[in-house]
Amino acid sequence: MKKIIIAAVVLSLGLISPFVLANSCKDPVVLVHGNAATPASWDNTFNLLLSQGYSSTDIYRPNWGSKNCASCNNHSGSEETLVRQAINDAIANSCSGQIDVIGHSMGATLAAQQISKLAAASYVDTFVGIAGAFRGLYSCGIYPFNVWSSTCGYYGLSIQSPFLDSLYGEHLGDKIYSIKSNIDQIVCATGVCVVYGVHSSSIWNEDASFTYSLGHFGLQTDTAQKQIDLIQ
C-alpha cells in the first residue's frame, strides 16, 4: 500500500512517466528447488532474472528440506515452512499485487501445495512446474503399496497418494505451464513417464506444456530463458 501511495504522489508531481513506473515494477519470483537440492540449483535462472532488470530482493529462493536424506523429505511439516514463508513474503512485498512461482521436481508439488493451503492462487500470475511428479512416480509405487519412505508415502509422490489426490485439480494461478521431458531420469525412472494416460509432469488445467530432450536436472538449468519468457 505504501508503494502504491508513493507511486501516485510521484506521478502527480510529474517526476516520472507512467511508462517508466510500470516497467520498474516486477512481480516477485519464488523459485522452489527440488528434493535435497539447494537454492544454487537456480543460479542460471537467478542470474538471467538479474540481467533482465529484476533486483535480488525480487527473487525468493527458500532453502527447504534435508540435503543428506532425500528419502526423508515429503510435503508435510518442516519442508513446508520456508516455502510458505517465501510465498507470503513475496505477496506482501509485491508492487503489483501478484507474484510468479517456479518449482522444480518435488519443489513444484511443494509450491503447488502451499499455494493451495494459503488460498493464494489469485495472487499468482504465473505458475511454472518443471519436471514435477504431479501424478506420481512409478518408482515410488502405487499407494498404499508404495516404497517405504517419506518421499513415497502418505505425503509423498507415490501414485494415488493421499497428498497427490488432495492436490489434484487445485487452482494454482492465472496462467499455468509445465516443462517436461521424456528422458527424465527421475519422473521416467522406470522407463514410463505417463501415469494413467498423462505425462506425470503435466499439470491439470495448464495453459501449455513444453517438452525438451533434457534430463531431470537439465530441465531446470537449461530452460532458464523459457522460464523467464513464461512469466513475462
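Those letters in the sequence shown? Residues -22 to -1, 1 to 210, per mature numbering (1 follows the signal peptide of the UniProt record, and there is no 0), in order. We put the CB at the ideal spot given by N, CA and C, even for glycine.
May I ask you to report which of helix, strand or coil DSSP gives L9?
Counted from its first residue, the sequence shown places residue 9 at position 31. Strand, per DSSP.
DSSP-derived helix/strand/coil call for D200:
Taking the sequence shown and counting its residues from 1, the one referred to as residue 200 is at position 222. Looking at D200 - three-state DSSP - the assignment turns out to be coil, as it is neither helix nor strand.
Does F123 come out as helix, strand or coil in the three-state DSSP assignment?
To locate residue 123, count along the sequence shown from 1; it is residue 145. Correct three-state label for F123: strand.
Is the beta carbon of K45 within less than 7 Å of some heavy atom of the ligand GDP?
As for the ligand GDP, it is missing from this structure, which has no ligand bound.
In terms of alpha-carbon separation, which member of I157, V170, A14 and D162 lies closest to D185?
As a working note, residue 185 is residue 207 in the sequence shown. Taking only the C-alpha atoms, the option nearest D185 is I157.
Contact check, S179 vs A109, beta carbons under 8 Å:
Looking up residue 179 in the sequence shown gives position 201. Looking up residue 109 in the sequence shown gives position 131. Taking 8 Å as the Cβ cut-off, S179 and A109 qualify as a contacting pair.
So A99 is in the alpha helix (DSSP H); what residue range does that whole segment cover?
Position 121 of the sequence shown, counted from the first residue, corresponds to residue 99. Neither: A99 is in no alpha helix (DSSP H) and is coded neither H nor E.
List, from N- to C-terminal side, the beta strand (DSSP E) runs of 3 residues or more that fit wholly inside the stretch 105 to 181.
115 to 120 and 153 to 158
Which two residues bound the contiguous alpha helix (DSSP H) that contains T23?
Taking the first residue of the sequence shown as position 1, residue 23 is located at position 45. T23 -> alpha helix (DSSP H) spans D21 to S29.
So, do the stretch 107 to 126 and the stretch 20 to 28 have three or more beta carbon pairs nearer to each other than 8 Å?
no
Buried or exposed: where does K4 fall if 16 or more other Cβ atoms within 10 Å of its Cβ makes it buried?
In the sequence shown, the residue the question calls residue 4 occupies position 26. Looking at its Cβ environment, which holds 16 or more other Cβ atoms inside 10 Å, K4 is buried.
Mapping the DSSP letters down to three states, classify A15 as helix, strand or coil.
The residue labelled residue 15 in the question sits at position 37 within the sequence shown. If DSSP states are grouped into helix, strand and coil, A15 belongs with coil.
Around the C-beta of Q198, are 16 or more other C-beta atoms found within 10 angstroms, so that it is buried, or is it exposed?
Position 220 of the sequence shown, counted from the start, is the residue given in the question as residue 198. Under this definition Q198 is a buried residue.
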